[in-house]
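First up is the structure itself, then whatever we jot down about it.
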Amino acid sequence: MERPLDTIPVSEWGFFDESIPPLVIAGPCSAESELQVMMTARGLHDFGIHVFRAGIWKPRTHPGSFEGVGTPGLKWLQKVKKEYGMKVCTEVANEKHVYECVKYGVDMVWIGARTTANPFMMQEIADALRDSEIPVLVKNPVNPDLDLWIGALERLNRAGVKKLGVIHRGFSTVQKIPYRNHPGWQIAVELRTRYPQLPFFADPSHMGGSRAALKELSQRAMDLGLDGLMVESHCDPGCALSDAAQQIVPSELKALLEGLTVRQKGTNDKEYNENIEQLRSRIDVIDEDILLSLGSRMDISRKIGQFKKLHNIAIVQAQRWDEVLSSMIEKGKDYGLSESFISSVFNAIHDASVAEQNRILEE
Ligand code: PEP
Ligand code: MN
Numbered sequence: 110m111e112r113p114l115d116t117i118p119v120s121e122w123g124f125f126d127e128s129i130p131p132l133v134i135a136g137p138c139s140a141e142s143e144l145q146v147m148m149t150a151r152g153l154h155d156f157g158i159h160v161f162r163a164g165i166w167k168p169r170t171h172p173g174s175f176e177g178v179g180t181p182g183l184k185w186l187q188k189v190k191k192e193y194g195m196k197v198c199t200e201v202a203n204e205k206h207v208y209e210c211v212k213y214g215v216d217m218v219w220i221g222a223r224t225t226a227n228p229f230m231m232q233e234i235a236d237a238l239r240d241s242e243i244p245v246l247v248k249n250p251v252n253p254d255l256d257l258w259i260g261a262l263e264r265l266n267r268a269g270v271k272k273l274g275v276i277h278r279g280f281s282t283v284q285k286i287p288y289r290n291h292p293g294w295q296i297a298v299e300l301r302t303r304y305p306q307l308p309f310f311a312d313p314s315h316m317g318g319s320r321a322a323l324k325e326l327s328q329r330a331m332d333l334g335l336d337g338l339m340v341e342s343h344c345d346p347g348c349a350l351s352d353a354a355q356q357i358v359p360s361e362l363k364a365l366l367e368g369l370t371v372r373q374k375g376t377n378d379k380e381y382n383e384n385i386e387q388l389r390s391r392i393d394v395i396d397e398d399i400l401l402s403l404g405s406r407m408d409i410s411r412k413i414g415q416f417k418k419l420h421n422i423a424i425v426q427a428q429r430w431d432e433v434l435s436s437m438i439e440k441g442k443d444y445g446l447s448e449s450f451i452s453s454v455f456n457a458i459h460d461a462s463v464a465e466q467n468r469i470l471e472e
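If you count the sequence shown from 1, position 152 lands on 261 in this note's numbering, and the numbers rise without skipping.
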């Protein structure tokens, strides 16, 4: 059963300078050496980044790949705090990681996509963090399952973790796409709508998997009104021990951020507010009409269901549905509605009708 989350707003965490959006977390995929950590942190600090990331324990697909430097790397993060006054964060995937982070004064932790997908690990981490003041950012699970993502947030929140946020890094897919992970923005938008109070980051680095994709994905995150970005930055990306293709040097990150158009959340402009209100009320009226039409359609569909039952006719008439759908797609074009939009809307309507007729058949 989904419950509201009891959280502390990001403005009270004392981490980010909210006067210049977006909120930015940056740093290497992995902490590799003291020199690499310090050089990268200096480059980022020099242009105003306040929150530094570096993976200490790395979840790698194949054993034998670089799996992170482990606990010794936490000392380098302490040095970043001390020398540059930055907040530092890393990924935790089990209770040992949590205890080590607490011991070494890590300021914030994030949960990786593979861990969010695992309720046992989430519970273990939530228990280790119990009533902790440490903010926790939860990446989406590798598979596009919104409930799994929400469940992870709930486990942490029930353990008393109130400084909570989320990171959208896209989903694994078998489809051939130009990104490392499928953006699936609609799932992010759905989570955003359900929990508007949670600080929401996009991770264009793991979503895109390449330097070339960073700009477009970061801009998309801003256009959707997300709060921040977590971007991988390395002082020498070509030599990175993990995710070399997606990391950028600090100066490139600076240029990326400067090139972004950050949309405002709202405005005091009277004309804009009046117009938007009027347009929204027209949308509300149309939405009511759509509901009314859907309700009438379902009534007729129920009658058809009863009729089919009486005459012992199969519910799905594939040929008829193909004809209806093709005709709607054709007509939709005249209204400027794309084929994919029409087919998803009408397939959803059809699925609901079939389910209702099935229910009638079983009565
Ligand atoms: C990371 O941020 O370094 C990482 C491993 O990300 P993800 O969990 O999104 O794959
Ligand atoms: Mn990485």
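Using N, Cα and C, we set each Cβ at its ideal position, and we do this for glycine too. These numbers were taken from a predicted model, which means no experiment stands behind them.
How about F175 and S351: do their beta carbons lie closer than 8 Å? Their beta carbons are under 8 Å apart, which means F175 touches S351 by this criterion.
May I have the straight-line CA-CA distance separating S436 from A321, to the nearest angstrom? In this structure, the straight-line span from the alpha carbon of S436 to that of A321 is close to 40 Å.
Indicate the three-state DSSP secondary structure (helix, strand or coil) for S453 in the structure shown. helix
Can you tell me whether A322 sits near the ligand PEP, meaning its C-beta is under 7 Å from at least one heavy atom of the ligand? no
Sequence-distant residues of the same chain with beta carbon closer than 6 Å to P359, five excluded per side: G152, L153, S342
What does the shell around the ligand MN hold, if a residue joins when its beta-carbon is under 5 Å from any heavy atom? C138, D352
Cross-strand partners of L273 (DSSP beta bridge): DSSP output for L273 lists V245 as bridge partner(s).
Less than 7 Å between the CB of A464 and some heavy atom of the ligand PEP, yes or no? no
My understanding is that A330 touches P313, with C-beta atoms under 8 Å, so please give their C-beta distance in whole angstroms. 7 Å
Distance between I413 and W430 (C-alpha atoms, nearest Å): 14 Å
For A427, count neighbouring C-beta atoms within 10 Å of its own C-beta (all shown protein chains included) and say buried if the count is 16 or more, exposed if not. exposed
State buried or exposed for L273, treating a residue as buried only when at least 16 other CB atoms are found within 10 Å of its CB. Around the beta carbon of L273, 16 or more other beta carbons sit within 10 angstroms, so the residue counts as buried.
Please give me, in chain order, every unbroken run of the alpha helix (DSSP H) with length at least 4 that falls completely inside the stretch 312-400. 313-317, 323-332, 359-367
Closest by CA to A464, which one among L403, I451, V425? Relative to A464, the option among L403, I451, V425 whose CA is nearest is V425.
I think L470 touches S452, with their Cβ atoms under 8 Å apart; what is that distance to the nearest whole Å? With 8 Å as the limit, L470 and S452 do not qualify as a contact, their Cβ atoms being about 26 Å apart.
Take the Cβ of C348 as the centre, count every other Cβ of all protein chains shown within 10 Å, and call the residue buried at 16 or more, exposed below. Flag for C348 reads exposed.
Which residues bound the beta strand (DSSP E) around V160? 160-162
Which residues bound the alpha helix (DSSP H) around M231? 228-237
Evaluate the contact criterion for the stretch 131-143 versus the stretch 178-193: three or more CB pairs, one atom per stretch, below 8 Å. Put simply, the stretch 131-143 touches the stretch 178-193. At least three CB pairs are less than 8 Å apart.
Does at least one heavy atom of the ligand PEP sit under 7 Å from the Cβ of H315? The answer is yes for H315.
How about the stretch 296-305 and the stretch 246-261: do they share at least three Cβ pairs that are nearer than 8 Å? Flag = yes, the stretch 296-305 and the stretch 246-261 touch.
Any heavy atom of the ligand PEP within a distance shorter than 7 Å of the CB on R278? yes
According to DSSP, is T225 part of a helix, a strand, or is it coil? helix
For V218 and R389, what's the separation of their Cα atoms in angstroms? 39 Å
Heavy atom of the ligand PEP within 7 Å of A494 beta-carbon: Since the first and last residues shown for the chain are 110 and 472, residue 494 lies out of range.
Relative to the ligand PEP, is the shortest distance from any of its heavy atoms to the C-beta of G157 smaller than 7 Å? no
With DSSP as the reference, label W294 as helix, strand or coil. helix
Verify whether the separation of the beta carbon atoms of V371 and P131 is less than 8 Å. yes
Output needed for L448: all residues of its chain with C-beta closer than 6 Å, excluding positions within five of it in sequence on either side, in chain order. It is Glu, not Leu, that sits at residue 448 in the sequence shown. Cβ within range, chain order: I438.
Inspect the CB distances between the stretch 261-271 and the stretch 235-252 and report whether three or more fall short of 8 Å. yes
Whole angstroms are fine: how far does the CA of Q415 sit from the CA of A423? 12 Å
Identify which residue in N266, A222, R112 has its Cα closest to the Cα of A235. N266
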